[in-house]
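**Student:** Per our numbering, residue 8 is the first one in the sequence shown, and the count goes up by one each step.
By construction, the Cβ of each residue, glycine as well, lies at the ideal position given by its N, Cα and C atoms.
No experiment lies behind these values; they were computed from the predicted model shown.
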Amino acid sequence: MTAGAFAERFLHYLRYTRGLELADAGPADHVAALALAVREALVDRAVASRKAWTEFQAKTVHYLSMEYLLGRLLINNLIATGLLEPAREAMQSLGLNLDTIADEEIDPGLGNGGLGRLAACFLDSLATLNYPAYGYGLRYEYGMFRQELRDGWQVERPDRWLKGGYAWEIQRPDLTVPVKVGGRVEWRQGRHGKNRPVWVDWRVLYGVPHDVLIAGYGTPNVSVLRLWAAEAPREFDFQIFSQGDFLRAVAERERTEAITRVLYPADYVAAGRRLRLLQEYLLVAASVHDVVSRFRLRYGEAWELFPTKVAFQLNDTHPALTIVELMRFFLDDAELRWAQAWDLTRASCSYTNHTLLPEALETWPVALMESVIPRHVQIIYEINRRMLDEVGSANPRDLDRLERLSLVHEDGEKRFRMANLAIAGSHRINGVAKLHTELLRTRVARDFAELWPERFVAITNGITPRRWLLSCNPRLADLVTSRIGEGWERDLDRLSELAHLADEAEFQQRFMAVKRENKGDLVESIRTLCGIAVDPGSMFDVQIKRLHEYKRQLLNAMHIIALYRRIKDDPSRAVTPRTFIFGAKAAPSYHMAKLVIRLINGIAAIVNSDPDVGGRLKVAFLPDYRVTLAEQIIPAADLSEQISTAGWEASGTGNMKLALNGALTIGTLDGANIEIRDAVGEDNIFIFGLTAEQGAVLTISGHYDPWSYYRADPELAAIIDTLRKGTFTPGDESASHEIWSVLMEHGDRYLHLADFRSYVEAQSRVGALYPDQRAWAAKAIRNVAAMGWFSSDRAIRRYVEEIWHLDQVKIGAGEA
Ligand code: 26V
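Shown next as structure tokens:
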């Protein structure tokens, strides 16, 4: 498409969807018209994709996730469709600037963190690799809250992301699906005289699909992200209305449509609330209905083909009811026998575990579930009975084991254990990194792994190089292309061709010049966002991720205090200038996490303005961390903080994004850090701290005593004392004191004191290396060169081989 033709489409949409001429249009109108102009290309591709998938009768994967963090789509979609340059020129010809407009696009925050962003990277790779794929999720009216900082504290503001309309979504009222809830189960005589359970007195609500098309890069294939919005039935209103109870009709409607009102803004803590259960059930029931309808259109009632045409991937346990809903469909609607229904269900479902944190493992009170989906409760009991019968007949005496395997937690209020259900109903269970899978096998899911070892697989996460290099870091992308040519965007292993340039002076200089320019851009953002002046020549030391105790932003803060105290001790001592950059949201209900934000901002206030520091240390907490902010920070980072307590970070994906953009990692032997170390080599990463094994021994033995580290290390003791006294949170001393108490009076569950010295020593090595910019550049380049394996394309290929068994489909020409 030429720039002229693109400009014409843009003006067309301004006029016919917004009723505006160019002169009257504002930034929001520009974004919408641009999106619609690009969307045309996506729709054409989606139509062709659907046609090819259908013609080829291709097996299709359905990724079920309560969260997606897509980020902005305009630049990405322009790049993917090859329209970036025409669009840029078109805007210029109209007196507009593409980048300025792109900066106005909203970032749909339909997720909390890593699990949601992984889902978005996977849809990108599925499209790019020509696999037929649907993502299913919920269209929350309010996404992740917007974070503001007031007096150093996090304040949450609502995220009304849909208020100006979202041009990328296509509402599909024609594909609305009914979902049953409530009621009870009766036993009635069936067709063959046998008594069968019948779900009665349910009420109905509807799921209305909103599709967002995810373009493949350099291919016409498109993934479809189908987001459900809850809608109340019209008939229902009329019924109550005709009884004269108008207010009740409206209130009831309101309650139903509230199901997709808001994203739960907490990860790592199971909500246990009715509304959350309704959300999970809506996602599952609407999606299964959709998939089954499509199957019927293509294959009629040939249910035996189901697992050869349909794969469901459960993104954590949140959509684990898929297993039960499929069973309900096969048993009650398709009238299959249990054994066949179970075989088909298990053969089509698989489950990804994303965390081992006990408080994040979902369980649902049986009584609550009974009031929402009584038939499903019966089915879960029956799945459990059959599973325990089978296991019990092999080992009749091991009652403890049966108790651990049971889908029902019986101690006190009865609850369903969703991870056990997800494992029992899946043919593959995967962890998201090697260590994580090993810990899943040997700790959290040990009894299951002993029963069915072949079902457990390790598939390390990955990231899409399209968003996390090509689009977010055009300077580095261009430099890479200038040396190894195009093609790495779809074959990231080709980055290894950069390795031999690591010691080449000229390439090092170019590489560092790119980094410096990116840092210059970020300096401007920090000035605007935080009002802090930072030196682009200082080392940018970055920790960006959800705020959680196990991720140990507090350990980072303790290191900053250490450096600050050393300067105060001797203001003339030589220090490597550093800018500490944080981005993190705390769950609104997570008290300790909010205290840590307050502490970091307190440290920032003191360090940034102390004349003794003289600007050599700066701390910036950037508000409202989200995909868009990540895309600005990552290209400018020198040092990547991946410092979780070993054993607790399932994988991490920020670690991969930062290394891909030329940051060196300081990290523990946790999650994918281990695999990053193996890829880049020990000399090109800063590893510290206890291993998962050592940490577990220390914790489980009951011998861990933070005070022993306090007594042995005067510098550490002084830092801990500042926390007790509230030195860094003047006016809010109790905030700091509470943090102290969690460490020193409540056992320091995440081993901050145990790892402190090792961390500070690793940081000294970092600080010593940074001034040698050539040596630093060589290591950074080696990191970039070794990141090929961390592409989400590799991860998706592994899912295809180990779990889904899909065939690639070439659009327009059948099978690839
Ligand atoms: C858990 C829960 C618990 C129930 C209530 C709502 C809710 C929402 C989200 C979560 C997800 C926590 C798990 C998670 O995000 N894990 C992260 O997954 C990343 C992708 O696999 C991985 O890189 C991170 O290491 C892991 O922490």
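Roughly how many angstroms separate the alpha carbons of Arg241 and Met565, rounded to a whole number?
**Tutor:** 58 Å
**Student:** May I have the straight-line CA-CA distance separating Glu453 from Arg393, to the nearest angstrom?
**Tutor:** According to the sequence as given, residue 453 is Arg; it is not Glu. So the two alpha carbons sit approximately 20 Å from each other.
**Student:** Go through its chain and collect everything with a Cβ distance to Tyr213's Cβ below 8 Å, but skip five positions before and after it.
**Tutor:** Thr183, Val184, Pro185, Val186, Ala237, Glu238, Ala239 and Pro240
**Student:** Is any non-hydrogen atom of the ligand 26V found closer than 7 Å to the C-beta of Val38, if you look at the structure I gave you?
**Tutor:** no
**Student:** Within 10 angstroms of its Cβ, does Ala540 collect 16 or more other Cβ (buried), or is it exposed?
**Tutor:** exposed
**Student:** Any heavy atom of the ligand 26V closer than 7 Å to the beta-carbon of Leu554?
**Tutor:** no
**Student:** Examine the ligand 26V and report whether any of its heavy atoms sits within less than 7 Å of the Cβ of Asn119.
**Tutor:** For Asn119, the shortest C-beta to heavy atom distance toward the ligand 26V is below 7 Å.
**Student:** At a threshold of 7 Å, does Gly116 count as lining the ligand GDP (C-beta to nearest heavy atom)?
**Tutor:** Of the ligands one can find in the structure shown, namely the ligand 26V, none is the ligand GDP.
**Student:** Here's a check: name, in chain order, each residue in its chain whose Cβ is nearer than 8 Å to the Cβ of Gly821, leaving out the five neighbours to either side.
**Tutor:** Legend: pLDDT at Gly821 = 42, less than 50; position of this residue unreliable, no value from coordinates given.
**Student:** Give me the Cβ distance between His812 and Lys66, rounded to the nearest whole Å; I'm assuming they're in contact under 8 Å.
**Tutor:** About 7 Å separates the two Cβ atoms, so the contact holds.
**Student:** Would you kindly work out how many angstroms separate the C-alpha atoms of Val188 and Leu282, rounded to a whole number?
**Tutor:** 12 Å
**Student:** Going by alpha carbons, who is nearest to Pro721 out of Arg764, Gly142 and Gly795?
**Tutor:** Arg764
**Student:** Over what stretch of residues does the beta strand (DSSP E) that includes Arg195 continue unbroken?
**Tutor:** Arg191 to Gln196
**Student:** Within 10 Å of its beta-carbon, does Phe475 have 16 or more other beta-carbons around it, so buried, or fewer, so exposed?
**Tutor:** As written in the sequence, residue 475 is Trp, which differs from the Phe given in the question. Trp475 comes out buried.
**Student:** Does the Cβ of Tyr358 lie closer than 7 Å to at least one heavy atom of the ligand 26V?
**Tutor:** no
**Student:** Taking the Cβ atom as the reference point for each residue, do Gln320 and Ser357 lie within a distance shorter than 8 Å?
**Tutor:** yes
**Student:** Going by C-alpha to C-alpha distance, which of Gly609, Ser478 and Tyr632 sits closest to Thr88?
**Tutor:** Closest option to Thr88, Cα to Cα, is Ser478.
**Student:** Suppose only complete runs of 4+ residues qualify. What are the alpha helix (DSSP H) ranges in the segment 51 to 107, listed by chain order?
**Tutor:** If only uninterrupted alpha helix (DSSP H) runs of at least 4 residues are considered, those enclosed by the segment 51 to 107 are 81 to 88 and 91 to 100.
**Student:** Output yes or no for whether 8 Å exceeds the beta carbon distance between Glu148 and Val38.
**Tutor:** no
**Student:** Report yes or no: do three or more beta-carbon pairs, one from the segment 423 to 432 and one from the segment 346 to 363, lie closer than 8 Å?
**Tutor:** yes
**Student:** Which value, in whole angstroms, describes the spacing of the CA atoms of Thr370 and Gly279?
**Tutor:** 7 Å
**Student:** In whole angstroms, what separates the C-alpha of Leu304 from that of Gly494?
**Tutor:** 39 Å
**Student:** Give every residue of the same chain whose Cβ lies closer than 6 Å to the Cβ of Asn228, excluding the five residues on either side of it in the sequence, and list them in chain order.
**Tutor:** Ser56, Ala134, Asn137 and Ile818
**Student:** Under 8 Å by Cβ, that's how I've got Lys601 and Ala593 pegged, so tell me the actual separation to the nearest angstrom.
**Tutor:** 5 Å
**Student:** In terms of alpha-carbon separation, which member of Leu414, Tyr766 and Glu397 lies closest to Thr324?
**Tutor:** Leu414
**Student:** Between the C-alpha atoms of Val791 and Met519, what's the straight-line distance to the nearest angstrom?
**Tutor:** 13 Å
**Student:** With DSSP collapsed to three states, give me the class of Trp747.
**Tutor:** Three-state DSSP puts Trp747 in a helix.
**Student:** Give the single residue among Met98, Gly116, Pro115 and Asp114 whose Cα lies nearest to the Cα of Ile108.
**Tutor:** Met98
**Student:** Answer yes or no: do Thr635 and Asp114 have a C-beta to C-beta separation smaller than 8 Å?
**Tutor:** Closer than 8 Å, so yes.
**Student:** Taking C-alpha atoms, which residue in Val45, Gln347 and Pro165 lies nearest to Pro314?
**Tutor:** Considering only alpha carbons, the answer is Gln347.
**Student:** What residue does the alpha helix (DSSP H) around Tyr766 start on, and which one ends it?
**Tutor:** His759 to Leu776
**Student:** Between Asp323 and the ligand 26V, is there a pair consisting of the residue's CB and a ligand heavy atom that are separated by less than 7 Å?
**Tutor:** yes
**Student:** Can you tell me which residues form a DSSP beta bridge with Trp206?
**Tutor:** Val192
**Student:** Apply the 10 Å Cβ neighbour rule to Thr449 and answer buried if 16 or more other Cβ atoms are within range, or exposed otherwise.
**Tutor:** exposed
**Student:** Ignore the nearest five residues each way along the sequence and tell me which others in Leu554's own chain have a CB closer than 7 Å to its CB.
**Tutor:** Result list for Leu554: Gln560, Ala591, Lys592, Ala593, Ala600, Val603 and Ile604, in chain order.
**Student:** Going by the beta-carbon positions, is the gap between Leu85 and Asn322 smaller than 8 Å?
**Tutor:** Not a contact, by the Cβ cut-off of 8 Å.
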